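S.K.: Numbering (this note's numbering), first residue to last: 1 to 113.
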Amino acid sequence: MSWEPVYRLVKKIPRGRVATYGDLARKLRLPGGARAVGYAMAACPSGRGIPWHRVVGAGGRLRIPEPHGSLQRRLLETEGVRVEFGRIDMDRFKWKLKARRAKSKPGKSHPER
DNA sequence: CTAGTGACCCAAC
DNA sequence: GGTTGGGCCACTA
Numbered sequence: 001m002s003w004e005p006v007y008r009l010v011k012k013i014p015r016g017r018v019a020t021y022g023d024l025a026r027k028l029r030l031p032g033g034a035r036a037v038g039y040a041m042a043a044c045p046s047g048r049g050i051p052w053h054r055v056v057g058a059g060g061r062l063r064i065p066e067p068h069g070s071l072q073r074r075l076l077e078t079e080g081v082r083v084e085f086g087r088i089d090m091d092r093f094k095w096k097l098k099a100r101r102a103k104s105k106p107g108k109s110h111p112e113r
């Protein structure tokens, strides 16, 4: 499976901003959800300019284990993202997407199977 | 096919 | 604030 769409979206994350796995998954409508994004990022190929460090967990929490965790934190701070106690101020650094909440869908003409 | 794991998310205790 | 458990799906053995 090609995670190209995921990488493409990640590459679109502006400097000094971060996005969450869940949001990216919703944006891309990935069947695997946040988990798929996590897997995609884990398999993230290097040398493609993919700012993987701008992808964080829900609530702006860093879910990446060592040693990449430290690297991610350093890179984020370098770009101007404040990382404190493994957390990020989503209020100021979250990348504002047009993602709509997958909430209720009234008048659905395609019910579950 | 089943079972285990994972850079996830969320509710509940 | 922390730990558990369920859900969700992709990938590997």
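Glycine included, each C-beta is placed from N, C-alpha and C at the ideal position.
Keep in mind the model is a prediction, meaning the values are calculated, not measured.
How big is the Cα-Cα spacing for R54 and L76?
M.R.: Between R54 and L76, the C-alpha separation is close to 7 Å.
S.K.: Within a Cβ cutoff of 6 Å, which residues of the same chain sit near P31, ignoring the five residues on either side of it in sequence?
M.R.: There are no such residues.
S.K.: Grab me the residues of Y21's own chain with a C-beta within less than 7 Å of its C-beta, minus the 5 sequence neighbours each way, in chain order.
M.R.: For Y21, where only same-chain residues beyond five positions count, the Cβ hits under 7 Å are A34, V37, G38, V55 and G57.
S.K.: Residues in the same chain with beta-carbon distance under 6 Å from E112, minus the five sequence neighbours each way, listed in chain order, please.
M.R.: Here E112 scores only 49 on pLDDT, less than 50, and its place in the model should not be relied on; the value that follows carries that caveat. Excluding sequence neighbours, E112 sits near nothing in its chain.
S.K.: Can you give me the Cβ contacts of A42 inside the same chain, cut-off strictly under 7 Å, excluding the 5 residues immediately before and after it?
M.R.: Same-chain partners within the cutoff: there are none.
S.K.: Who are the near neighbours of I13 in its chain, counting only those whose CB is closer than 8 Å to its CB and skipping five residues on each side?
M.R.: Closer than 8 Å at Cβ, skipping near neighbours: A19, P51, R54, V55 and W95.
S.K.: From which residue to which residue does the alpha helix (DSSP H) around H68 run?
M.R.: That run of the alpha helix (DSSP H) goes H68 to E79.
S.K.: Any idea what DSSP makes of K11, helix, strand or coil?
M.R.: The answer is helix: DSSP assigns K11 an H, G or I state.
S.K.: Going by DSSP, which residues form a beta bridge with V6?
M.R.: Note: V6 sits in no beta bridge, so no partner.
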